[in-house]
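Novice: Would you mind keeping the following structure in view while I ask a few things?
Residue numbers (my numbering): 1 to 198.
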C-alpha cells in the first residue's frame with residue numbers, strides 16, 4: 001500500500017490574527033517564514049512524489065521542505081469559506097448565535113454562504129487519493145488544515161460533529177496508508193517536523 005503524508009503550510013498573518021483564510025491567497029508571515037527555517041522533512045519523505053495546494057503559503061512551504069519547486073494540484077486547495085473568508089470564527093458565532101450553532105450541527109454538510117462543505121472537499125480529495133491508490137507511489141502533499149481534517153474524517157469515520165478525533169499539531173506530517181479501494185488508514189499522527197508553532 002502506498003503512503004500519503006499530509007503537511008500543513010507554515011503560518012500566515014491571517015493565522016496569527018485568527019482569521020479564516022479559506023481560498024484567499026495569503027502569504028506566509030515574517031514569523032511563519034522564520035519558523036519554516038527549522039522545519040525539516042524526514043529523509044524517507046524526500047524520495048516520495050510531492051504535490052502542493054496552488055496557494056502561495058503552501059507552495060513556499062513545499063519548496064522549503066522538498067528543496068525544489070513542487071507541482072501544484074487544485075484538489076489540495078483549502079475549503080472555500082465564501083463570504084466568511086477574512087472573518088473570525090468567534091465573531092461569527094457571537095453575531096449569528098443559534099443560526100451558527102444549527103449550521104455547525106450539519107457536520108459533513110456545514111456550508112458557509114457561497115463556500116464549500118467538508119463533503120464537497122472530500123469529493124476532490126478522494127479523487128486525489130484514488131490517483132495515489134492506482135499509481136502506487138508514496139506521496140507527500142502540502143495542504144491546509146481543512147483538507148487534513150477531511151482526510152482524518154475519511155480515515156476515522158468522524159462526522160464533523162464535536163471535536164476531531166485527532167488534535168492537529170504544526171509543524172507535523174500526518175501519514176496514512178492508502179488502500180487499493182482508495183480508503184485511508186492512519187499510520188502516524190503529528191510526526192514532528194521542527195519547532196512547534198504556538
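C-beta: ideal position from N, C-alpha, C; glycine also.
Taking only three categories from DSSP, how would you classify residue 174?
Specialist: In the structure shown, residue 174 sits in a strand (DSSP, three-state: E or B).
Novice: Below 8 Å on the Cβ atoms is my guess for residue 83 versus residue 113; work out the distance and round it to an integer in Å.
Specialist: About 4 Å separates the two Cβ atoms, so the contact holds.
Novice: Report buried or exposed for residue 5, applying the criterion of at least 16 other Cβ atoms within 10 angstroms of its Cβ.
Specialist: Answer is buried; the Cβ neighbour count reaches 16.
Novice: Over the uninterrupted alpha helix (DSSP H) stretch that includes residue 186, give me the two end residues.
Specialist: Premise fails: residue 186 lies in the beta strand (DSSP E), 184-192, not in any alpha helix (DSSP H).
Novice: Between the stretch 92-99 and the stretch 59-76, are three or more C-beta pairs nearer than 8 Å?
Specialist: Not touching, per the Cβ criterion.
Novice: Where does residue 23 land, buried or exposed, given buried means 16+ other C-beta within 10 angstroms?
Specialist: Answer is buried; the Cβ neighbour count reaches 16.
Novice: In three-state DSSP terms, what is residue 129?
Specialist: Helix, per DSSP.
Novice: Is the stretch 38-57 touching the stretch 131-143, taking contact as three or more C-beta pairs under 8 Å?
Specialist: Touching, yes, given that three or more Cβ pairs across the two stretches are closer than 8 Å.
Novice: Kindly indicate which residue of 101, 118, 99 has the alpha-carbon position closest to the one of residue 108.
Specialist: That would be 118, whose Cα lies nearest to the Cα of residue 108.
Novice: Would residue 81 pass as a contact of residue 105 if the rule is Cβ separation under 9 Å?
Specialist: In this structure, residue 105 does not lie closer than 9 Å to residue 81 by Cβ.
Novice: Give the secondary structure of residue 16 by DSSP, where H, G and I count as helix, E and B as strand, and everything else as coil.
Specialist: Helix at residue 16.
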